[in-house]
Structures are given as C-alpha cells and as structure tokens.
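J.: Sequences listed follow chains G and P, in order.
Going by numbering that gives the first Met the number 0, the first sequence opens with residue 0, and the numbers climb by one from there.
Going by numbering that gives the first Met the number 0, the second sequence opens with residue 0, and the numbers climb by one from there.
There are 2 protein chains.
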Amino acid sequence: MAVSLAQIREKSGEVFTEGCPTRVVLDHIMSKWGVLVLLALTDGTHRWGELRREVEGISEKMLASTLRTLEADGLVERTSFPEVPPRVEYSLTDLGRDLMERMLPLVDWVAANAGRVIPVG
Amino acid sequence: MAVSLAQIREKSGEVFTEGCPTRVVLDHIMSKWGVLVLLALTDGTHRWGELRREVEGISEKMLASTLRTLEADGLVERTSFPEVPPRVEYSLTDLGRDLMERMLPLVDWVAANAGRVIPVG
DNA sequence: CAGCATCCGTAAGGATACTG
DNA sequence: CAGTATCCTTACGGATGCTG
Numbered sequence: 000m001a002v003s004l005a006q007i008r009e010k011s012g013e014v015f016t017e018g019c020p021t022r023v024v025l026d027h028i029m030s031k032w033g034v035l036v037l038l039a040l041t042d043g044t045h046r047w048g049e050l051r052r053e054v055e056g057i058s059e060k061m062l063a064s065t066l067r068t069l070e071a072d073g074l075v076e077r078t079s080f081p082e083v084p085p086r087v088e089y090s091l092t093d094l095g096r097d098l099m100e101r102m103l104p105l106v107d108w109v110a111a112n113a114g115r116v117i118p119v120g
Numbered sequence: 000m001a002v003s004l005a006q007i008r009e010k011s012g013e014v015f016t017e018g019c020p021t022r023v024v025l026d027h028i029m030s031k032w033g034v035l036v037l038l039a040l041t042d043g044t045h046r047w048g049e050l051r052r053e054v055e056g057i058s059e060k061m062l063a064s065t066l067r068t069l070e071a072d073g074l075v076e077r078t079s080f081p082e083v084p085p086r087v088e089y090s091l092t093d094l095g096r097d098l099m100e101r102m103l104p105l106v107d108w109v110a111a112n113a114g115r116v117i118p119v120g
C-alpha cells in the first residue's frame, strides 16, 4: 500500500472527528442512493423520470432528497426548462466529475469482486 | 471521463438492480462506519479498544456489528489470543487491502475538497 | 412531467448494564 | 479487555395523494 493512514491524516486531519466536513460529504456521496444517482449521471445528463427508472428501487422522495443534497454539495447541477409539461435535467458539475473519476475504480472493483466477497446464492 | 457508464454496466451488469451482490457490498463498505473502520485498519493491525478510540463517535454495538460484517465479507481478519486479559487484533485481508487501494484516492479527494463542497461554517 | 406534503412503519443505531 | 444483551429513540425511507 503506497499511502499510509498517517499520510491521509496529514491531508485530511479530521476524517475520524465527528461532524467534520469530510465525514459529512462522505456520508452524502457514499449513501445508499447517493452512489447510485451519481453513477447514473456519470454518462451524462438525465431527466428526472430517467433517473427514477434507472436507479431501480428508489422512491420519489429519496430521489428528490438525494438530488437536492448533491446539488447543495455542488456535485450535481439542476437545469429546469420553462416548458409545459416541465422538463428538468440533471448532470454532474466539474467537481462531481472530478469526484466520480475517483469513485469509478472503486465501484468497478466492487462490481468485479462482489461475487467473491458475498458468495452468490 | 475515461470510463463510461456503459462500460461499468458491461462489467457489473447489475449495479442498478435491487439486491444484487454489488449493492450489498457497496452498502457495507460505504456505510457510515464501514469506511471509517476500514480506514483505521489501513495502516495496520489494531486492537478492539484502539479502534473504539480511533473511530470517534462509534458505539460498541456498531463497532462489533461493523467488524463482524466486514469479517464475513472477507475484508477484515480477526485474531484472538488466548490470554488473560483477552487480546483481539483486527487487520485487513489481502482482499481488504486491494479494496482500500481503490478507496483511498476517493477518501483523499473528499478530504481535500470537503471544504469546497460543504462550506466550513 | 416533476416534484412537494403528509403520514407512517421499520430498523439502524445510541446508551447502559452485564459477562467470560 | 473484548465483547454481548437489552431497551429505547430517532430518522431513514416507503406509500399515497396533491399541485404547478
């Protein structure tokens, strides 16, 4: 392992401290639905309804809440068009894309190794 | 972005499907306490009491539960020594170290950018 | 279509006390 | 020291109905 915990601490300082920004953001992006929504947006812009269908199992409430959180975090951008019927599109911001560049290898690894970790029944 | 969602789907196929192994493991390792415990173990072996103190805010119940889950996932190894008073040590398995190699860049990024994402109050 | 408001059940998780 | 057992509260999150 190239990076030691001490090195992480140098930069973050407070990953292990309660209520620190790092923990808060970590909780957002690593939440059950946060990852999936971010993943869905990784290949580009999506409409509300698309996300709802794409992220299987998510309720409207959680989709709305997740999107609002990620938007407030500056990771997701919301664009609404003044049309009837209304059209709203969501996409990653630069910050969000930056984040996903780090998250994709992880998700990739999990997807590849999930079978070894949790024996497929 | 080098990797597209389509490419992820090729490999994982079912990240977006409910109850798929990938989602389960993702939920374990990306859970509030899962990440922190894994991070704490990244720099080597730790005893129960060390982890308890290191991961600030975690309750005994959650530490036990988190460790048991990660152990069952084959990511963490538990070694108990037949001494009085008892001594138990936890460390990452090879699989766990492999995982953390992918997770560290992400945590690193979050630690570095949390201030931009969540304005520090 | 894209949401918000409301109600409500479940279960994650905290605090405490106890044990090998 | 390293947990387990128990109780109890909060809040996550689902279902439904309504609105611009």
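All C-beta atoms, glycine included, are put in the ideal place defined by N, C-alpha and C.
Under DSSP, the beta strand (DSSP E) around residue 75 of chain G begins and ends at which residues?
T.: Numbered from its first residue, the first sequence carries residue 75 of chain G at position 76. Where residue 75 of chain G is concerned, the enclosing beta strand (DSSP E) stretches over 75 to 80.
J.: If we call anything under 8 angstroms between Cβ atoms a contact, is residue 20 of chain G one with residue 114 of chain P?
T.: Working through the first sequence from its first residue, we reach residue 20 of chain G at position 21. Working through the second sequence from its first residue, we reach residue 114 of chain P at position 115. Going by C-beta atoms, residue 20 of chain G is nearer than 8 angstroms to residue 114 of chain P.
J.: Give me the Cα-Cα distance between residue 42 of chain P and residue 82 of chain G, rounded to the nearest whole angstrom.
T.: For this step, residue 42 of chain P is matched to residue 43 along the second sequence. For this step, residue 82 of chain G is matched to residue 83 along the first sequence. Distance between the alpha carbons of residue 42 of chain P and residue 82 of chain G is about 54 angstroms.
J.: Consult DSSP for residue 36 of chain G and reduce its assignment to one of helix, strand or coil.
T.: On the first sequence, position 37 is the one that residue 36 of chain G refers to. Helix at residue 36 of chain G.
J.: Residue 86 of chain G bridges to which residues according to DSSP?
T.: Within the first sequence, numbered from 1, the residue matching residue 86 of chain G stands at position 87. DSSP output for residue 86 of chain G lists G/80 as bridge partner(s).
J.: Just the C-alpha distance for residue 45 of chain P and residue 27 of chain G, rounded to the nearest angstrom, thanks.
T.: The count along the second sequence starts at 1 and reaches residue 45 of chain P at position 46. The count along the first sequence starts at 1 and reaches residue 27 of chain G at position 28. Distance between the alpha carbons of residue 45 of chain P and residue 27 of chain G: 28 angstroms.
J.: So, for residue 57 of chain P: in the same chain, excluding its five sequence neighbours on each side, which residues have a beta-carbon less than 6 angstroms away from its beta-carbon?
T.: Residue 57 of chain P sits at position 58 when you count from the first residue of the second sequence. The residues are 32.
J.: So, does the CB of residue 31 of chain G fall closer than 8 angstroms to a CB anywhere in chain P?
T.: On the first sequence, residue 31 of chain G is found 32 positions in, with the first residue counted as 1. Yes - at least one Cβ of chain P is within 8 angstroms of the one on residue 31 of chain G.
J.: Terminal residues of the continuous alpha helix (DSSP H) containing residue 95 of chain P?
T.: To locate residue 95 of chain P, count along the second sequence from 1; it is residue 96. Its alpha helix (DSSP H) spans residues 93 to 116.
J.: Check the Cβ of residue 56 of chain G against every Cβ in chain P and list those closer than 7 angstroms, keeping chain order.
T.: Here residue 56 of chain G is taken as the residue at index 57 of the first sequence, counted from 1. Ordered by position in chain P, the residues that pass the 7 angstroms Cβ test against residue 56 of chain G are 17.
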